Amino acid sequence: MQLRDLRGAFTSALLIFLAAGSAPGVTLKIATLAPPGTTWMKVMEAMNEEVGSATGGAVKLKFYPGGVAGDEHDVLRKMRVGQLHGGGFTGVGLGEILPKIRALEVPFLYRTYDEVDHVRASLESRFLDSLEEEGYVLLGWAEVGFVHIFANTPIRDVDDLRKVRMWMWEGDPLAEAFFDAFEINPTPLQITDVLTSLQTGLIDAIYTSPYAAVGLQWFTRVKYMMDLPFTDALGAVIVTKKQFDKIPMEYRAKVLEICRRHSATLNDLTRQDQKTAISRMRKEGIKVIPVDKSMVESWETIGAKAREGLVGKLYDRETLGLVLGALEEYRASRENPSSR
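In this text, residue positions in the sequence shown follow our numbering: the first is 255, and each later residue adds one.
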């Protein structure tokens with residue numbers, strides 16, 4: 255009897271030990287508008303594979319691509335109630351969480367990706383802290399890239415822009431301010447309604463990155479692309495701090511390192527994809543319309559008016575000043591190499 259009791263106690267202890275050792279890991283459920291098979295999703299899948307390997311399966315990333323979880327507003331709502339834990343967001347979604355982050359993508363500000371990288375790096379710690387205060391953790395930047403205007407008529411100047419039936423992402427205050435400054439009345443629509451609206455003629459002009467124009471098939475319904483980009487569209491993968499904090503402490507730093515490294519790779523690949531997309535569209539008959547240098551200044555002047563109009567509404571004067579200051583600092587260092 256004593257031996258049977260001893261065996262029973264040992265068996266119970268072993269089962270408890272095994273149960274503890276096989277406890278389910280932490281899964282981060284992340285939704286995105288990016289379609290399956292795109293560079294974005296391929297990098298995310300590679301990121302998940304490395305996270306799983308580095309944590310022995312204790313942490314997994316599960317992605318819901320192609321907008322199956324809804325638009326960015328829907329994803330945020332589901333994150334708040336715990337149905338999802340994260341999302342791949344553009345500036346529109348990020349701005350719902352932290353409006354001042356939109357200062358990074360004000361119109362007609364950047365001329366090169368090097369400028370984008372410098373400004374973002376200069377303010378990164380500030381925005382990471384602010385996101386955490388709101389209850390979110392940034393896994394990595396995942397920019398959309400330089401955004402261009404596409405239309406069925408050539409656009410070279412502001413007057414041309416005022417003649418088209420322009421789309422605007424519904425609920426985007428930055429886009430609204432931009433079009434207000436240009437005295438344009440756009441048609442507000444969600445992303446999922448754009449292609450159909452191009453097909454029916456409700457709109458005949460859009461703004462997006464070349465890669466997104468190809469991926470979403472919007473380019474099949476337009477004829478021209480304005481060569482001058484009007485913004486660098488922000489993007490990032492974020493998760494709720496509540497879910498991130500469920501990751502065992504010993505894995506958190508490693509998970510962040512892996513995610514941010516893959517996100518940096520994604521940004522590099524996305525920029526390459528933009529060039530490839532433009533080449534493809536040219537072959538498909540899209541004409542790239544150059545903007546005369548004399549007109550660039552007028553675009554930038556109205557862009558400055560748009561960003562000033564959002565001070566106190568979307569971001570504060572200090573945040574905009576930091577963005578502009580970082581950009582001026584970078585440009586000065588290029589003009590005066592000895593100051594680097």
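Note that beta-carbon positions come from the ideal geometry of N, C-alpha and C, so glycine has one too.
If you're wondering where the values come from, they're calculated on a predicted model, not measured in any experiment.
Candidates the options, of which the one nearest residue i by Cα
i, options, result
"V609", "L392, K314, Q444", "Given that the chain is displayed from residue 255 to residue 594, the structure contains no residue 609 and the question cannot be resolved."
"V401", "R331, I532, M298", "I532"
"E378", "A560, K529, I540, R514", "R514"
"T474", "A405, E386, R356, A560", "A405"
"W553", "V565, D481, L510", "D481"
"P319", "E583, G469, S587", "G469"
"E388", "G349, D368, L415, L452", "G349"
"S451", "F436, A466, A435, Q471", "Q471"
"E582", "K547, L449, G557, Y364", "Y364"
"A429", "R561, L330, S307, A300", "R561"
"A507", "G291, T366, L392", "L392"
"T281", "E538, G336, D414, I403", "G336"
Boundaries (first-last residue) of the beta strand (DSSP E) holding residue i
i, result
"Y461", "459-462"
"V542", "541-543"
"H402", "399-405"
"V493", "489-494"
"G341", "340-344"
"T524", "From DSSP, T524 is part of no beta strand (DSSP E) but of the alpha helix (DSSP H) over 503-537."
"K567", "From DSSP, K567 is part of no beta strand (DSSP E); its letter is neither H nor E."
"V280", "280-286"
"M480", "478-480"
"M422", "421-423"
Sub-8 Å separation of residue i and residue j beta-carbons
i, j, result
"G321", "T446", "yes"
"V398", "A487", "yes"
"V577", "L358", "yes"
"F484", "P408", "no"
"I457", "W423", "no"
"R536", "V542", "yes"
"V550", "Y390", "no"
"G324", "G279", "no"
"A459", "V418", "yes"
"D522", "T293", "no"
"N302", "K314", "yes"
"A490", "G394", "yes"
"F433", "P440", "yes"
"A396", "L520", "yes"
"I540", "K477", "yes"
"T309", "Y505", "yes"
"G575", "A431", "no"
"F436", "I351", "no"
"R416", "I438", "yes"
"Y367", "R525", "yes"
Close Cβ partners of residue i (< 6 Å) along its chain, the five nearest in sequence each way excluded
i, result
"R585", "none"
"G275", "Because G275 sits at a pLDDT of 43, beneath the cut-off of 50, its placement in the model cannot be relied upon, and the following sentence gives the value as read from the coordinates. Result list for G275: empty, nothing under 6 Å."
"E304", "I512"
"F317", "I284, M298"
"G579", "none"
Limits of the alpha helix (DSSP H) - the one that residue i falls within
i, result
"Y584", "571-589"
"F432", "427-435"
"G557", "547-562"
"V412", "412-416"
"W472", "No alpha helix (DSSP H) holds W472; DSSP gives it neither H nor E."
"T293", "293-308"
"L377", "367-387"
"T450", "448-454"
"M333", "326-334"
Cβ-based neighbour list, residue i, same chain, cut-off 7 Å, excluding 5 preceding and 5 following
i, result
"Y569", "P353, K354, R356, A357"
"L268", "With a pLDDT of only 40 at L268, under 50, the local geometry of the prediction cannot be trusted, and the value read off the model is given with reservation. None."
Residue i: CB within 7 Å of a non-hydrogen atom of the ligand NAP
i, result
"E359", "What this structure holds is no ligand at all, so the ligand NAP is not there to describe."
message = Across the stretch 371-382 and the stretch 491-501, are there enough close Cβ pairs to call them in contact, namely three or more that are closer than 8 Å?
response = no
task = Would you be able to state if there are at least three C-beta pairs under 8 Å between the stretch 327-343 and the stretch 282-291?
result = yes
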